[in-house]
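In the UniProt record's numbering, the protein residues as written are 1 to 85.
Everything on this sheet refers to the single structure shown next.
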């Protein structure tokens, strides 16, 4: 767990843990395969076991500069890995 998100509404108790990850940009089919087959599985195992509902992945270029960010719901990760896991 790397952080938390919280609602600004005092009546809403929706504090959730969030996991932060980085990976290289998915420029080739091999990059996508590696990400879906290995990285998402590792992200899912780590986050699911401790109840982290959201994983935010920053995609970096070859100069290690983040160029894109995407949120993944932990419960939905097995759908990405269906063909690989």
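Backbone N, C-alpha and C define an ideal beta-carbon position, used for all residues, glycine too.
Bear in mind that the values here come from a model prediction, so they are computed numbers and not experimental data.
Please state whether the Cβ-Cβ distance between residue i and residue j is less than 8 Å.
{"i": "residue 85", "j": "residue 41", "result": "yes"}
{"i": "residue 16", "j": "residue 74", "result": "no"}
Which partner residues does residue i have in the DSSP bridge list?
{"i": "residue 69", "result": "58"}
{"i": "residue 16", "result": "5"}
{"i": "residue 21", "result": "57"}
Leaving out the 5 sequence neighbours to the left and right, which residues in its chain are closer than 6 Å to residue i when beta-carbon positions are compared?
{"i": "residue 68", "result": "59"}
Tell me the rounded alpha-carbon separation between residue i and residue j.
{"i": "residue 72", "j": "residue 21", "result": "11 Å"}
{"i": "residue 37", "j": "residue 27", "result": "16 Å"}
{"i": "residue 31", "j": "residue 24", "result": "8 Å"}
{"i": "residue 78", "j": "residue 2", "result": "21 Å"}
Quick one: what's got a C-beta closer than 8 Å to residue i's C-beta in the same chain, skipping five residues either side?
{"i": "residue 66", "result": "22, 58, 59, 60"}
{"i": "residue 56", "result": "18, 19, 20, 21, 69, 70, 71, 72"}
Count the other C-beta atoms from every protein chain shown that fall within 10 angstroms of the C-beta of residue i, then say buried if there are 16 or more, exposed otherwise.
{"i": "residue 5", "result": "exposed"}
{"i": "residue 43", "result": "buried"}
{"i": "residue 35", "result": "buried"}
Can we count residue i as close to the ligand PLP, meaning its CB is less than 7 Å from some heavy atom?
{"i": "residue 31", "result": "Within the structure as shown, the ligand PLP is missing, as the structure has no ligands at all."}
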